[in-house]
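Asks:
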Amino acid sequence: MKETFTKSMARNIYYGGSMFFLLVFIGLTYDTHQEIPKRDNHEAINEVVALGKRVWEENNCIGCHTLLGEGAYFAPELGNVYTRFGESTEALKGFIKSRPVEGIPGRRSMPQFNLSEEELEGIAEFLKYVDGIETARDWPPNIQG
Amino acid sequence: MNHTDKNIVQYKPLPGDFAIWVFIFAELLVFGILFISYAFTRKYNLELFNHHQQFLDRETGAINTVLLITSSYFVVRAVDAIKKNMSQQSARWLALGLLCGAAFVVFKILEFNEKFSEGITLSTNIFYMFYLCLTGFHFMHVLLGMVILAFILVKTHRRKYNADDHDGVETGASYWHMVDLVWIILFPLVYIIR
Amino acid sequence: MTRFAITSSTKATLIWLLLVLLTLVTYGLGKIGYSGTFVITIVLASVLIKGHHIIADFMGLRGTEKKWRWLMQGWLLLIVAVIATAYRYS
Amino acid sequence: MKYQSQLVAQKYFIAALSLFLGQILFGVIMGMQYVVGDFLFPEIPFNIARMVHTNLLIVWLLFAFMGASYYLVPEESERELYSPALANLMFWIFLVAGALTVLGYLLFTYSELAALTFNELWPTMGREFLEQPTITKVGIVIVALAFVFNIGMTILTGRKTVVSLVLLTGLVGLAVFFLFAFYNPVNVVLDKYWWWWVVHLWVEGVWELILGAILAFVLIKVTGVDREVIEKWLYIIIAMTLITGIIGTGHHYFWIGTPDYWQWLGSIFSAMEPIPFFMMTLFAFNMVNKRRRDHPNKAAVLWALGTAVMAFLGAGVWGFMHTLAPINYYTHGTQITAAHGHMAFYGAYVMISLTMISYSMPIMRGKVANSQAAQTLEMWSFWLMTVSMVFITLFLTAAGILQVYLQRFTDTPITFMQAQEKIEIFYWLREVSGIVFLIGLIVYFISFFVKGEEPQGVEA
């Protein structure tokens, strides 16, 4: 290869190329934000859901579960758990409430978080809201998440 | 990269700086995948593609093709000129090339404007997704190419290049021809064949 | 700039004419609204010719190492071939 | 060592390595919890262990990047550090803040920690990798700004080289993109969209600039190849990184409620993300083959080559495996992701950190390279850690493939927990590999204390 390449040209491509693609990315980000409201189920967001998201975060649920595929892979996907639990927020609350304090011998168990009724309502409504987000190809692939 | 090749036929090196060629190859890879994706997605959405293709502006597309080809031609002349040490002629050819590019941009903006005013976006349907991705992405490349051309135009005009040292002109020219080459495929693929 | 033999500039001009001509043919076929294998073949053939000249003459790959010419012309050929296949069987 | 202030790096590296040990210990705990579900329950639930595991990783890599910067920037800029005192101060602030945060994770329940740190005033906690209390995040920003200021002033008032400028862009980007960690809307789609601006644009963007700069620096030193050659390679590699990686962010926008076109854009651009890693592999081997001196620090050369290979495998190949949307549809959020994550982080960022430590630590301890005996041991640790990481990745990949099949692909899908039980064997094998990794790490530590006759040679 007697093709030569100079440092200054490599530098130009680095700066020019990355600026170029950053601009494209910002443009796409703009477009995405025009589209997101059509499918993000924001109509469902209210005070209860907001509290639910706080409960979700302050108990680090993402440290075991995935939500729309992101998080840890130790416990089931929760993006569609509302559907999986028969579209019942009561079932969700019941499950969270019933976790044994000392765990289950030899098995994985969700901790007992001692949530208040209000917090339980919040987390259940939050999960219901997430389930309503219109993901592409209706991800996850099936009810098992 | 710098081993000596004595017993090899003397080939010309790729015109311009090799770094731009790495970039060109990468870009062609992206466009190539996009073209192939288009062709196969169409195969499975034939009705949709054929239906919406009718509404594309073939006139603008054809004019734009001629503009880009002509622009590319002017840039070829610019490289020829600088090789003969005629930097002012070269600058004039570059300016003409740039002008054609600008005209392309104007026509393209009009075309996009029409589509946008109809409320068409990337999410309208898969055909328009491809149409906007391909033409939009290409449009960005025209703009980038014009920035590069403008840059070398200024330098040529200031007599910074000559017959012995004109790598910069060739580098910019190579990129610009790539933009042309992509459009040569894009135009018939998206606007014409069905 | 005009010489008696064909200069590189004259050659470029001739190629430019060819490219414009082929573009007009492509457009014309689109305009008439014909479709089908025949039109596609002609259009894709003209893409090949145009692309070939842009690569070899405008981009200046004529006379460079084989691998570069293979790479670029191969890219063109591959894309056109794949498009042809996808359109042929649709 | 040419400049006295480079010595600051030493304590950063020591802190980094100690936290590394902590990270691996928690990794082994988690690996155990995968197979014995109630291991250490309820004292250290899995989510806490994982948080400690990932946060320690991030923090120790930041320590290592900072140490690497403090070491290489004075040498590149040909001047003392702008302010060694500031560098020392920031070290202690960062270390204390980091230690307090980890202690907070371990001593309190997470919700107590949230209350204790006034999370309700500006809630940013509880999102993957960004679990730190808001106040810690503020601390990170302050430390990062002081650090970038210190490094920036050193570079801008000294000799400006490509290596140091690329490093600086990477570090500035690191600080800037972290700011998105403070944006946390209730809307989950928006939350996730911008969360990736920290996570992806860090690890598949600006961190790669830091990686490239450090690798280039070490290669200049150990191979003696002309700086010009190495620098232009560096430019072209990081150019490809950003060209592919920025829109490559789209591979995270497939299934989170973002428009469908991301499946195309994300697939196409991220499919090209292996290219810069491949170029990096070519680059590293090329430079070592063309070396103009045989540097006595063989271990550092081994780490540098290892980085190039493992980054390509982990980030490039394992990333490519599941980056195309039709495949990712099934594999998203399974053990496949875990497999990719482990090898990519180890291959790219852990190994580049160890490369730099391996190269610079002996010099800071007043010798060109460690004794033959110490280097031999270090190379043992290299192979132990690297090979066991390969096995961890393979076992997790196997687990992931089975999981995808059982839980998502088959016509009769079983539940998540049922699938987990069926793939238990791979988790056991992963745990064994993890313990081998820990042994490798301990061997690595021991290599620091091995004496012996030190090789003579000019300091690079």
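Residue numbers (my numbering), protein chains in the order written: chain V, 1 to 145; chain A, 146 to 339; chain X, 340 to 429; chain G, 430 to 889. All residues carry an ideal CB built from backbone N, CA and C; glycine is no exception.
1) Can you pull the chain X neighbours of Leu334 of chain A, defined as C-beta to C-beta under 7 Å?
2) Taking only the alpha-carbon atoms, compute the straight-line gap between Phe455 of chain G and Gln462 of chain G and give it to the nearest angstrom.
3) Determine the chain A residues that contact Asp31 of chain V at a beta-carbon separation under 7 Å, and present them in chain order.
4) According to DSSP, what are the bridge partners of Ile104 of chain V?
5) If contacts are defined as beta-carbon pairs under 8 Å, then Met808 of chain G and Leu731 of chain G qualify, I think. What distance do you get, rounded to the angstrom?
6) Taking the alpha carbon of Glu850 of chain G as the reference point, which residue from V:Pro141, V:Ile143, V:Arg108 has its own alpha carbon closest?
7) Quick one: what's got a C-beta closer than 6 Å to Arg342 of chain X's C-beta in the same chain, skipping five residues either side?
8) Count the CB pairs spanning the region 252 to 260 of chain A and the region 194 to 210 of chain A that are closer than 8 Å, and state whether there are at least three.
9) Would Pro160 of chain A and Ser319 of chain A qualify as a contact pair, given that the criterion is a beta-carbon distance under 8 Å?
10) Please determine, among G:Ile830, G:Ile665, G:Ala528, the residue with the shortest C-alpha to C-alpha distance to Phe707 of chain G.
11) Cutting at 7 Å between CB atoms, please list the residues of its own chain near Ile667 of chain G, excluding the five before and the five after it.
12) So Ile36 of chain V packs on Val618 of chain G, CB below 8 Å; how close in whole Å?
13) Can you name the residues of chain G whose CB is closer than 8 Å to the CB of Val130 of chain V?
14) Note the first and the last residue of the continuous alpha helix (DSSP H) segment covering Gln233 of chain A.
15) Please identify the residue among V:Asn59, V:Val55, V:Tyr73, V:Glu77 whose C-alpha is closest to the C-alpha of Leu67 of chain V.
16) Round the Cβ separation of Gln804 of chain G and Ala728 of chain G to the nearest angstrom and send it over; I've been treating them as touching at under 8 Å.
17) Tell me which same chain residues have a C-beta within less than 7 Å of the C-beta of His771 of chain G, skipping the five on either side of it?
18) Would you grab the beta carbon distance between Glu660 of chain G and Lys7 of chain V for me? Rounded to a whole angstrom, and I think it's under 8 Å.
19) By the 7 Å beta-carbon criterion, what residues does the region 278 to 291 of chain A contribute toward chain X?
20) Kindly say whether Val149 of chain V, judged by its beta-carbon, lies nearer than 8 Å to any beta-carbon of chain A.
21) Can you find a heavy atom of the ligand SAM that lies under 7 Å from the Cβ of Ile676 of chain G?
22) Name, please, each residue of chain G whose Cβ falls closer than 8 Å to the Cβ of Val101 of chain V.
23) Among A:Ile329, A:Tyr218, A:His311, A:Val292, which one has its Cα closest to the Cα of Ile418 of chain X?
24) Please say whether Leu193 of chain A and Phe272 of chain A have beta carbons closer to each other than 8 Å?
25) Which runs of the beta strand (DSSP E), 3 residues or longer, sit entirely within the region 252 to 332 of chain A?
26) Given a cut-off of 8 Å on the beta-carbon distance, is the pair Ile516 of chain G and Val567 of chain G in contact?
27) What residues from chain A crowd round Asp399 of chain G, counting only those whose CB sits closer than 9 Å?
28) Tell me, please, whether the CB atom of Ile667 of chain G is closer than 8 Å to any CB atom in chain V?
29) Can you give me the C-alpha to C-alpha distance between Trp848 of chain G and Gln832 of chain G, rounded to a whole angstrom?
30) At a Cβ threshold of 8 Å, is Ser696 of chain G touching chain V?
31) Following the continuous alpha helix (DSSP H) through Trp732 of chain G, name the residue where it begins and the one where it ends.
32) Please classify Ala140 of chain A as buried or exposed, where buried requires at least 16 neighbouring CB atoms within 10 angstroms.
33) Thinking C-beta only, is Ile781 of chain G closer than 8 Å to Thr736 of chain G?
34) Count the C-beta pairs between the region 457 to 474 of chain G and the region 548 to 559 of chain G that are closer than 8 Å, then say yes if the count reaches three, no if not.
35) For chain A, check one thing: does any of its Cβ atoms lie closer than 8 Å to the Cβ of Phe5 of chain V?
36) Rounded C-beta distance between Leu783 of chain G and Gly869 of chain G? I'm assuming under 8 Å.
Replies: According to the structure shown:
1) In chain order: Ile422.
2) Here the alpha carbons of Gln462 of chain G and Phe455 of chain G stand approximately 10 Å from one another.
3) Taking a Cβ-Cβ threshold of 7 Å, the residues of chain A close to Asp31 of chain V are Thr266, Leu267, in chain order.
4) Bridge partners of Ile104 of chain V according to DSSP: V:Arg107.
5) Sure, about 6 Å apart at Cβ, within 8 Å.
6) Closest by alpha carbon: V:Arg108.
7) Interpretation of Arg342 of chain X is limited by its pLDDT of 47, a score under 50 that renders its predicted location unreliable; the figure taken from the coordinates is listed afterwards. For Arg342 of chain X, where only same-chain residues beyond five positions count, there are no Cβ hits under 6 Å.
8) Yes: the two stretches touch, three or more of their Cβ pairs being nearer than 8 Å.
9) Contact: yes.
10) Cα-wise, what sits closest to Phe707 of chain G is G:Ile665.
11) Once the five neighbours on either side are set aside, the close Cβ partners of Ile667 of chain G are Val595, Glu637, Leu638, Gly641.
12) Correct: roughly 5 Å between the Cβ atoms.
13) By Cβ distance, chain G contributes Val617.
14) Judged by DSSP secondary structure, Gln233 of chain A falls within the alpha helix (DSSP H) whose first and last residues are 232 to 262.
15) It is V:Glu77.
16) Yes, Gln804 of chain G and Ala728 of chain G are in contact; Cβ-Cβ is about 5 Å, under 8 Å.
17) Answer for His771 of chain G: Met818, Ile821, Thr822, Leu825, listed in chain order.
18) With 8 Å as the limit, Glu660 of chain G and Lys7 of chain V qualify as a contact, their Cβ atoms being about 6 Å apart.
19) Residues: none.
20) Outside the shown range of chain V, which is 1 to 145, sits residue 149 of chain V, and nothing can be said about it.
21) Only the bare structure without any ligand can be found here, which leaves the ligand SAM out of the picture.
22) For Val101 of chain V, the residues of chain G that pass the 8 Å Cβ criterion are Pro471, in the order they occur in the chain.
23) Per the Cα distances, A:Ile329.
24) Contact flag set, yes.
25) Here no run is fully enclosed.
26) The amino acid at residue 516 of chain G is misidentified as Ile; the sequence shows Ala. Going by C-beta atoms, Ala516 of chain G is not nearer than 8 Å to Val567 of chain G.
27) Chain G is shown only over 430 to 889; residue 399 of chain G falls outside these bounds and no answer can be derived.
28) Against chain V, the CB of Ile667 of chain G has a partner CB under 8 Å away; the residue lies at that interface.
29) According to the sequence provided, residue 848 of chain G is Ala. The question's Trp does not apply to it. Rounded to whole angstroms, Ala848 of chain G to Gln832 of chain G spans 6 Å at the Cα level.
30) So no, Ser696 of chain G is outside the interface.
31) For Trp732 of chain G, the enclosing alpha helix (DSSP H) covers residues 727 to 740.
32) There is simply no residue 140 of chain A to check, as chain A begins at 146 and stops at 339 in what is shown.
33) The Cβ-Cβ distance between Thr736 of chain G and Ile781 of chain G falls below 8 Å.
34) Flag = no, the region 457 to 474 of chain G and the region 548 to 559 of chain G do not touch.
35) True, the Cβ-Cβ gap to chain A drops below 8 Å.
36) Contact between Leu783 of chain G and Gly869 of chain G does not hold, since their C-beta atoms are separated by about 11 Å, which reaches or exceeds 8 Å.
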